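> Numbering (my numbering), first residue to last: 125 to 518.
Structure provided below as structure tokens; questions to follow.
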Amino acid sequence: MGLHDLDFITEKLEQLKEQGVYRKLTVLESASGPRSVINGKEVINLSSNNYLGFANHPRLKKAAINAIEEWGVGAGAVRTIIGNMSLHEELEAKLAKFKHVEAVLVFQSGFTANAGVIQAIVDKGDVIISDELNHASIIDGCRLSKADVVRYKHSDMEDLERVILEVKDNYKTKLIITDGVFSMDGDIARLPEIVELAEKHGCLTYVDDAHSSGVLGSRGQGSAHHFGLSDRVDVQIGTLSKAIGVVGGYVAGKRNLIEWLNHRGRPFLFSTALPPAVVAACMEAVDILSESSELTDKLWENAKYLKEGLNKLGFNTGKSKTPITPVIAGDDKKAIALSKRLFEEGVFAQSIVFPTVARDAARVRTIVTAAHTKKDLDEAISAFEKVGKELGLI
Ligand SMILES: *Cc1c(COP(=O)(O)O)cnc(C)c1O
125 MGLHDLDFIT EKLEQLKEQG VYRKLTVLES ASGPRSVING KEVINLSSNN YLGFANHPRL
185 KKAAINAIEE WGVGAGAVRT IIGNMSLHEE LEAKLAKFKH VEAVLVFQSG FTANAGVIQA
245 IVDKGDVIIS DELNHASIID GCRLSKADVV RYKHSDMEDL ERVILEVKDN YKTKLIITDG
305 VFSMDGDIAR LPEIVELAEK HGCLTYVDDA HSSGVLGSRG QGSAHHFGLS DRVDVQIGTL
365 SKAIGVVGGY VAGKRNLIEW LNHRGRPFLF STALPPAVVA ACMEAVDILS ESSELTDKLW
425 ENAKYLKEGL NKLGFNTGKS KTPITPVIAG DDKKAIALSK RLFEEGVFAQ SIVFPTVARD
485 AARVRTIVTA AHTKKDLDEA ISAFEKVGKE LGLI
């Protein structure tokens with residue numbers, strides 16, 4: 125029981141075990157792909173965010189290798205000192221064109237983008253109006269700002285308007301923040317209504333497109349583009365870590381916003397720039413998306429196929445409108461059993477339980493990718509059928 129034994133942390137870990145929420149990490153023993161190796165076994169991988177198969181795409185790998193040969197492995201400094209390579213500027217110009225916005229600033233991840241951007245644009249005397257199911261990085265980003273935060277019920281437009289009316293006369297800048305696609309249920313934010321309410325009441329809008337970058341929009345430009353609202357959403361956050369397959373985040377918007385973040389986006393100022401290989405691979409991904417809609421079309425075709433297959437069997441896939449398809453099992457035990465049995469049948473689909481989702485809505489969450497073949501999906505559906513019957517879910 126010495127000072128350095130950190131007994132207070134051991135106690136906290138014990139509490140997690142008592143609550144049944146202690147867990148070990150799953151170890152991926154191969155590249156992230158439609159089939160991956162876990163625990164020495166090749167399984168159909170339905171749990172990655174690698175929507176377009178870019179994480180292990182030959183063109184991205186080639187671009188990364190070439191960039192290492194030419195530029196080395198590190199940027200050498202933060203962007204504001206001398207880490208700002210022409211590669212970074214090229215990626216930002218490419219993304220701005222892709223997103224139909226004036227300018228883009230790249231961060232080290234989607235998480236750091238939210239952590240940096242929110243606190244830079246709202247301050248004391250301002251208010252953030254936030255969907256109650258927004259991502260943890262938005263919640264942290266809000267905490268880092270000095271603005272007040274009020275929440276509205278998930279995607280509930282009446283409640284949103286109620287909250288706006290309550291606060292609108294008391295604050296200067298009023299910023300509505302929402303995920304573009306919500307990661308647990310796969311539902312899409314009601315952006316047209318949100319933007320309309322925002323404009324009616326003089327609020328700005330901020331959309332985090334982590335799960336919609338590379339997924340929604342004709343070429344994966346995101347949820348604002350999907351709804352034809354690219355010029356009416358003030359701040360668009362994107363990630364380069366999910367569908368784009370590498371790592372990084374960005375903010376897209378008006379030139380003055382980007383210039384301001386260039387001076388006040390703290391992770392941008394104080395954390396080293398993305399390495400050249402990452403930047404080059406991301407550019408290749410944007411090029412591939414700009415060349416053709418083949419991968420995004422395949423993603424949606426596969427998503428439809430898996431969803432319909434599961435629905436036909438009688439599974440409850442909730443209100444998903446995207447390639448994120450939850451299979452709702454009921455209580456935690458059922459969801460964990462479903463995930464475990466699926467693995468034994470050759471399918472990896474992570475269980476998600478309370479408190480991440482409601483107690484009676486524990487589930488396995490599937491994310492299909494463009495890289496899955498019909499054969500992969502048919503085998504996965506068969507495994508779901510077998511295990512679902514066994515567990516009395518269908
Ligand atoms: C995953 C996610 C992030 C974090 O993105 P990273 O690039 O992985 O840091 C941010 N916001 C939302 C809504 C996400 O789903």
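Where is the CB? At the ideal position from N, CA and C, for every residue including glycine.
None of these values were measured; they are calculated from a predicted model.
Less than 7 Å separating the beta-carbons of Lys-270 and Asp-293?
Contact flag unset, no.
> State yes or no: is the beta carbon of Arg-183 nearer than 7 Å to at least one beta carbon in chain C?
No chain C appears in this structure, which consists of one protein chain only.
> By how many angstroms is the C-alpha of Asn-169 removed from the C-alpha of Arg-489?
About 11 Å.
> Consider the C-beta atom of Phe-231 and the heavy atoms of ligand 1; say whether any pair is separated by less than 6 Å.
Because no heavy atom of ligand 1 lies under 6 Å away, the Cβ of Phe-231 does not count as near it: no.
> Can you name the residues that DSSP bridges to Ile-491?
Ile-491 pairs with Ile-448.
> At 4 residues or longer, and completely inside the segment 288–369: list those alpha helix (DSSP H) runs for me, N to C.
315–325 and 347–350, all fully within the segment 288–369.
> Can you list, in chain order, the residues of its chain with a C-beta nearer than 7 Å to that of Ala-348? Leave out the 5 residues immediately preceding and following it.
Answer for Ala-348: Leu-315, Val-331, Ser-354, Val-357 and Gln-360, listed in chain order.
> Can you grab the Cα-Cα spacing for the pair Lys-136 / Ser-417, in whole Å?
The straight-line gap from Cα to Cα measures roughly 49 Å.
> Which same chain residues end up closer than 7 Å to Val-471 when comparing Cβ atoms and leaving out the 5 residues on each side of it in sequence?
Closer than 7 Å at Cβ, skipping near neighbours: Val-167, Ile-168, Leu-170, Ala-504 and Ala-507.
> Following the continuous alpha helix (DSSP H) through Ser-463, name the residue where it begins and the one where it ends.
Its alpha helix (DSSP H) spans residues 456–468.
> With a Cβ-Cβ cutoff of 7 Å, do Val-241 and Val-151 count as a contact?
Not in contact: Val-241 and Val-151 (Cβ atoms no closer than 7 Å).
> According to DSSP, is Val-402 helix, strand or coil?
Looking at Val-402 - three-state DSSP - the assignment turns out to be helix.
> Which residue wins for smallest C-alpha separation from Arg-203, given the options Thr-363, Lys-436 and Arg-388?
Of the listed residues, the one whose Cα sits closest to Arg-203 is Arg-388.
> Nearest to Phe-394 by alpha carbon, out of Asn-208, Val-402, Gly-164 and Tyr-175?
Here the closest residue by C-alpha is Asn-208.
> Run the proximity test for Ala-334: is its beta-carbon closer than 6 Å to any non-hydrogen atom belonging to ligand 1?
True, at least one ligand heavy atom lies under 6 Å from that Cβ.
> With distances taken Cα to Cα, identify the nearest neighbour of Lys-422 among Asp-131, Leu-501, Gly-372 and Ser-233.
Residue Leu-501 is the option with its Cα nearest to Lys-422.
> Let me confirm a value: Arg-487 is counted as buried when at least 16 other C-beta atoms fall within 10 Å, else exposed. Which label applies?
When all chains shown are included, Arg-487 counts as buried.
> Go to Glu-216, then tell me how far its alpha helix (DSSP H) extends in each direction, as first and last residue.
Segment 210–223, the alpha helix (DSSP H) holding Glu-216.
> If you drop the 5 nearest sequence neighbours on each side, which residues of the same chain put their C-beta closer than 7 Å to that of Asn-180?
Cβ neighbours of Asn-180 beyond the five flanking positions: Ala-155, Ser-156 and Gly-157.
> Please classify Leu-140 as buried or exposed, where buried requires at least 16 other C-beta atoms within 10 Å of its C-beta.
Exposed: under 16 other Cβ atoms inside 10 Å.
> Report the rounded CA-to-CA distance for Ile-252 versus Val-291, giving the unit in angstroms.
Distance between the alpha carbons of Ile-252 and Val-291 is about 10 Å.
> How far does the beta strand (DSSP E) with Asn-238 in it reach, from first residue to last?
Note, Asn-238: premise wrong, no beta strand (DSSP E); alpha helix (DSSP H) at 234–245.
> Just grab the DSSP bridge partners of Val-230 for me.
Answer is Tyr-374, bridged to Val-230.
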